[in-house]
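At position 110 of the sequence shown the residue is numbered 113 (our numbering), and the sequence of numbers has no breaks. Backbone N, C-alpha and C fix where the C-beta goes; we use that ideal spot for every residue, glycine too. So the structure is just underneath, and the comments pick up after that.
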Amino acid sequence: MGLAVELERRLAVRAPEPARVVVTRNRVRLVSVRRDRSGLEVRVSQRILEQGLDALDVVVGFVLDGPGGRAPMRALINGLPAPESAHRRQPRLRPRGRTHDLQALLQEESTRAFGEATTVGVTWGLRRRMRRSQRSIRLGSYTAEQQTIRIHPLLDQPAVPAWFVGFVLYHELLHHRLGMGVEPGARYRHPPAFRRAERLHPRFEDAQDWEKSVLPRLMRRGLPW
4 MGLAVELERR LAVRAPEPAR VVVTRNRVRL VSVRRDRSGL EVRVSQRILE
54 QGLDALDVVV GFVLDGPGGR APMRALINGL PAPESAHRRQ PRLRPRGRTH
104 DLQALLQEES TRAFGEATTV GVTWGLRRRM RRSQRSIRLG SYTAEQQTIR
154 IHPLLDQPAV PAWFVGFVLY HELLHHRLGM GVEPGARYRH PPAFRRAERL
204 HPRFEDAQDW EKSVLPRLMR RGLPW
């Protein structure tokens, strides 16, 4: 707990209010901040503390420097080694579908948006029977532990344009870039910074319109294959 105590000390030097540190074993939400009447509660994963003293300054900046502290934190998180369990449970990737090649679309989106290719894995999700009464589906998901994007197989058909699949991949890439993955069964969080970045996609408005007007019809038909 020595690094946690040191983190509290560094926060106390700069923070205008009392700050306490809670160490977690969370592998997805690595740093979070909550304010209440007693001051700041900073929850930080053991994975961050394992990176040593330099990581503490990054956490302090993330907590206290507003937008200016996000880029260093993102760089720290992206540079973390994968947990051991992630190596053991790495999924088999199936990016090439009958209509769309997810790997090609993913690299196209990453290069367009961020100027570089990505090492994130991508695969079509498992095929499960859809209920006719089903009104919503999760089009994509990003698992931080495995650094893998999964795309719903409903999108692998000629009726779905490649640019829309690309938009879904961009959405999931943002979860990776901003350090906001999700564990199975958990709910996504889309803070204002995420929504602003999402709107930068050149087909954002088109994607919103297409999802509202066309996707419900495809869901009623079910999986195409």
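Spatial neighbours of residue i in its chain, beta-carbon cut-off 7 Å, leaving aside the 5 residues before and after
i    : result
E214 : none
E20  : G42, L43
L6   : L52, L59
H174 : G143, E201
Same chain only: Cβ atoms within 8 Å of residue i, ignoring 5 sequence neighbours per side
i    : result
L10  : V24, V45, V47, L52, L59, V62, V63
L14  : A22, V24, L43, V45, V63, V66, L67
L158 : H103, L142, F167, V168, V171
Per DSSP, cross-strand counterpart(s) of residue i
i    : result
Y145 : I152
E44  : R23, R37
D104 : R99
T122 : None, per the DSSP bridge assignment.
W213 : Answer by DSSP bridge pairing: none, since W213 is not bridged.
W127 : I154
CB contact flag (residue i, residue j, <9 Å)
i    : j    : result
P156 : G100 : yes
V34  : L43  : no
T151 : G124 : yes
H179 : N29  : no
V168 : L221 : no
P94  : Q160 : no
L109 : W127 : no
Whole-angstrom distance between residue j and residue i, CA atom to CA atom
i    : j    : result
F117 : S216 : 30 Å
P98  : L172 : 12 Å
R206 : V26  : 40 Å
L96  : E119 : 21 Å
I140 : F65  : 33 Å
D209 : R202 : 11 Å
R130 : L142 : 13 Å
A107 : A22  : 46 Å
V8   : Q49  : 13 Å
G225 : T121 : 31 Å
A165 : D212 : 15 Å
L67  : R40  : 17 Å
P219 : F170 : 18 Å
L83  : T146 : 15 Å
Selected residue, minimal CA-CA separation from residue i, among the options
i    : options               : result
L176 : V8, I154, L56         : I154
D57  : Q160, A78, A18, L108  : A78
H204 : T114, R141, L105, V31 : T114
A74  : G128, R13, A196, Y145 : A196
Spatial neighbours of residue i in its chain, beta-carbon cut-off 6 Å, leaving aside the 5 residues before and after
i    : result
A200 : L177
Any non-hydrogen atom of the ligand ATP within 8 Å of residue i CB
i    : result
A107 : The ligand ATP is absent from the structure shown, which contains no ligand whatsoever.
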